[in-house]
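Take a look at the structure set out below.
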Amino acid sequence: MSFQVFIKTEKSLHQLASEIGTHLSLPPFKRQRTRDALYYQFEMLGMLVILHYLEEEDRAPEVLNYPYVFTLELTFTEHDLDTDELEYRLQPYYARLLSFYLGVETAYHEKQRINQRWRIRYHFCRKNPNWKEDILYGEPGWQPAVIEEPPSEWRNQLVPW
Numbered sequence: 001m002s003f004q005v006f007i008k009t010e011k012s013l014h015q016l017a018s019e020i021g022t023h024l025s026l027p028p029f030k031r032q033r034t035r036d037a038l039y040y041q042f043e044m045l046g047m048l049v050i051l052h053y054l055e056e057e058d059r060a061p062e063v064l065n066y067p068y069v070f071t072l073e074l075t076f077t078e079h080d081l082d083t084d085e086l087e088y089r090l091q092p093y094y095a096r097l098l099s100f101y102l103g104v105e106t107a108y109h110e111k112q113r114i115n116q117r118w119r120i121r122y123h124f125c126r127k128n129p130n131w132k133e134d135i136l137y138g139e140p141g142w143q144p145a146v147i148e149e150p151p152s153e154w155r156n157q158l159v160p161w
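Numbering follows UniProt numbering, with no gaps: position 44 of the sequence shown is 44.
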């Protein structure tokens with residue numbers, strides 16, 4: 001299982017990969033090319049981070065304006081951890097982290113299983129331009145560093161067979 005954070009920015013894929021590597025203290029990335037796409041890959045401690053451009057026709061309607069995808073996959077296999085739950089909880093964290101450090105807009109999805117069907121909605125994050133690092137939580141004038149917009153409406157997701 002892996003999770004995705006969608007990124008909206010005017011930055012190039014290479015610049016985005018460089019900034020992510022710097023801010024998250026990741027090891028140097030590998031620049032890879034498949035038959036039809038370029039992507040950047042970071043590997044560390046049983047995790048694989050892939051950053052790539054997503055063609056518009058492959059994007060969900062809610063994220064049509066988010067051309068890049070940050071995918072994190074836990075690659076270790078011999079353990080007793082519930083990695084699905086772990087990844088599900090990390091997804092909003094990384095969406096907020098990328099918005100804050102890179103000054104980009106991000107989106108991530110939330111899924112719910114209802115009987116035999118899945119439904120999905122997207123959450124949207126952006127850095128708060130009015131955030132001040134010298135005002136601590138609880139002090140007058142404090143504002144969150146990242147603003148999370150109201151999520152999209154729930155919709156049924158088609159499950160590919």
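The C-beta atom is built at its ideal place from N, Cα and C for all residues, glycine as well.
Practice task
Could you tell me if Ala37 is buried or exposed, where buried requires 16 or more neighbouring beta carbons within 10 angstroms of its beta carbon?
Solution key: exposed
Practice task
Rounded to whole angstroms, what's the CA-CA distance from Tyr88 to Phe3? Just pull it up for me.
Solution key: 7 Å
Problem - C-beta contact flag for Tyr101 and Ile7 at 8 Å - result: no
Practice task
Using beta-carbon positions only, say whether Tyr93 and Leu72 come within less than 8 Å of one another.
Solution key: no
Handout entry: Ser99 classed as buried or exposed, judged by whether at least 16 other C-beta atoms fall within 10 angstroms
Key = buried
Practice task
May I have the straight-line CA-CA distance separating Gln41 from Gln32, to the nearest angstrom?
Solution key: 7 Å
Practice task
Look at the Cβ atom of Gln157, then the Cβ atom of Ile120, and state whether they are nearer than 8 Å.
Solution key: yes
Practice task
Would you tell me roughly how many angstroms separate the C-alpha atoms of Glu43 and Ser12, rounded to the nearest one?
Solution key: 21 Å
Exercise for the section: Can you tell me which of Leu16, Glu57, Glu85 puts its alpha carbon nearest to the alpha carbon of Phe70? Expected result: Leu16
Problem - Proximity to Leu24 [Cα-Cα], best of Glu10, His14, Val49 - result: Val49
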